[in-house]
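Participant: Here you go, one structure.
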Ligand code: AKB
């Protein structure tokens with residue numbers, strides 16, 4: 010294995026929920042010019058555009074990735090571009106093309122050009138109804154019923170293959186739902202856990218698209234970023250799992266989240282009108298056992314439900330004051 014650290018990084022999906030914040034953090038660590046942000050359709054935010062290079066890349070077109078890798082002499086890729094679970098159920102063909110095709114293209118570019126490292130996020134969507142839903146272990150049956158989950162399982166196996174067969178230093182985590190204050194998620198099943206904050210502050214009311222008792226694993230963005238960076242910085246000898254590591258920050262039901270928000274906004278009311286996303290949520294774990302990540306590379310989340318809620322409300326309130 011290389012054992013080398015990244016020097017010049019390409020981030021795909023840089024305008025997305027995770028990418029927009031991870032890129033800025035990586036630029037602080039490696040220097041603005043050494044982290045190339047790549048998006049597809051969405052325009053970059055001012056922060057992203059001003060802090061370093063930005064390029065449009067279609068991950069389903071291998072040449073489009075190869076050209077940028079060549080142009081900037083990239084040696085590592087954080088490949089975040091992805092169609093999320095809810096949109097993936099509406100457009101399964103697109104989800105396969107972007108999620109599976111995109112990953113394959115990134116791994117091929119990395120293999121051909123002998124890149125140093127690849128980071129790729131998997132998801133709790135790899136699990137299906139056959140897996141234990143409470144404290145779901147690292148190694149269990151993976152029979153997802155969404156196209157998003159199917160592509161994540163196939164992607165995990167592909168990453169492991171590129172590591173074993175070509176020695177590519179590829180690392181991944183199974184992210185739970187991510188809660189963030191900078192960029193809204195788009196098209197996921199866990200999006201309600203972000204939308205609820207915006208609506209609570211704006212309208213004091215939210216109609217949630219999953220049942221009140223729906224419990225899912227979640228994580229606050231600072232922990233999400235810390236996980237990606239800690240994993241990529243870990244000595245390769247500590248990374249025993251090359252599919253993807255289970256990871257979690259906290260677990261709560263939609264009703265518990267609403268109750269926590271009500272501690273800050275007492276007039277807030279939440280009603281529950283489940284739609285097609287309920288079925289997806291019901292097939293995912295309620296909580297995750299991330300003991301292997303903790304043991305092998307020292308994973309430890311910082312935020313629980315109370316800390317995250319307080320921080321989200323402070324950040325969004327401050328932003329509203331400034332605009
Ligand atoms: C989604 O809801 O699709 C994502 C995920 C859990 O992977 N947030």
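Residue numbers (the numbering used here): 10 to 332. C-beta: ideal position from N, C-alpha, C; glycine also. All figures in this text were calculated on a predicted structure; none of them were measured in a lab.
#1: Three Cβ pairs or more, each shorter than 8 Å: is that satisfied between the segment 252 to 269 and the segment 289 to 297?
#2: Going by the C-beta, is residue 69 closer than 7 Å to any heavy atom of ligand 1?
#3: Would you mind giving the Cβ-Cβ distance between residue 30 and residue 234, rounded to the nearest angstrom? I have them listed as a contact below 8 Å.
#4: Do residue 93 and residue 22 come within 8 Å of each other at the CB atom, strictly closer than that value?
#5: With a 10 Å radius around its C-beta and 16 neighbouring C-beta atoms as the bar for buried, classify residue 10 as buried or exposed.
#6: If I'm right that residue 46 touches residue 20 with Cβ under 8 Å, what's the distance once you round it to whole angstroms?
#7: Can you tell me which residues form a DSSP beta bridge with residue 87?
#8: Could you pull out every residue in the same chain whose Cβ sits closer than 7 Å to the Cβ of residue 169, ignoring the five residues on either side in sequence?
#9: Do residue 202 and residue 157 count as a contact pair if the criterion is CB distance below 8 Å?
#10: Using 10 angstroms around the beta-carbon of residue 87, count the other beta-carbons present and answer buried if the total reaches 16, otherwise exposed.
#11: With respect to the beta strand (DSSP E) encompassing residue 46, which residues constitute its N-terminal and C-terminal limits?
#12: Closer than 6 Å by C-beta to residue 280: which residues in its own chain qualify, once you throw out the five before and the five after it? Chain order, please.
#13: For residue 18 and residue 268, what's the separation of their Cα atoms in angstroms?
#14: Tell me whether residue 312 sits in a helix, a strand or coil according to DSSP, three-state version.
#15: Enumerate, from N- to C-terminal direction, the unbroken beta strand (DSSP E) stretches of 3 or more residues contained entirely within the segment 133 to 220.
#16: How many angstroms separate the CA atom of residue 322 from the CA atom of residue 221?
#17: Measure the C-alpha to C-alpha separation of residue 117 and residue 229 and round it to an integer number of angstroms.
#18: Ends of the beta strand (DSSP E) at residue 29?
#19: For residue 234, which of helix, strand or coil comes out of DSSP?
#20: By the three-class DSSP mapping on this structure, what secondary structure does residue 225 have?
#21: Just to confirm, is the Cβ distance from residue 340 to residue 69 under 8 Å?
#22: Residue 297 by DSSP, collapsed to three states: which one?
#23: Would you check if the distance between the CB atom of residue 140 and the CB atom of residue 150 is smaller than 8 Å?
#24: Using only the heavy atoms of ligand 1, determine whether one of them is closer than 7 Å to the beta carbon of residue 190.
#25: What is the C-beta distance between residue 66 and residue 196, in whole angstroms, given that I count them as a contact (C-beta under 8 Å)?
#26: Which residues in the same chain have their Cβ closer than 7 Å to the Cβ of residue 41, if we skip the five residues on either side of it in sequence?
Facilitator: Short version:
#1: yes
#2: No, Cβ of residue 69 sits at least 7 Å from all heavy atoms of ligand 1.
#3: 6 Å
#4: no
#5: With a pLDDT of only 38 at residue 10, under 50, the local geometry of the prediction cannot be trusted, and the value read off the model is given with reservation. Answer is exposed; the Cβ neighbour count stays below 16.
#6: 5 Å
#7: 20 and 128
#8: Around residue 169: 251 and 252.
#9: no
#10: Residue 87 is buried by the Cβ-count criterion.
#11: Looking at the DSSP string, the run of the beta strand (DSSP E) that includes residue 46 is 44 to 48.
#12: 216
#13: Those two C-alpha atoms are separated by around 41 Å.
#14: coil
#15: 178 to 184, 186 to 188 and 214 to 217
#16: 21 Å
#17: Whole-angstrom Cα-Cα distance: 32 Å.
#18: In the DSSP annotation of this structure, residue 29 is not part of any beta strand (DSSP E); the continuous alpha helix (DSSP H) holding it starts and ends at 26 to 39.
#19: helix
#20: In the three-state scheme derived from DSSP, where H, G and I count as helix and E and B as strand, residue 225 is classed as strand.
#21: The shown model of the chain, from 10 to 332, leaves out residue 340, and the question about it has no answer.
#22: If DSSP states are grouped into helix, strand and coil, residue 297 belongs with the strands.
#23: yes
#24: no
#25: In fact, because the Cβ distance is near 19 Å, the residues do not count as touching under 8 Å.
#26: These residues qualify, in order along the chain: 60 and 61.
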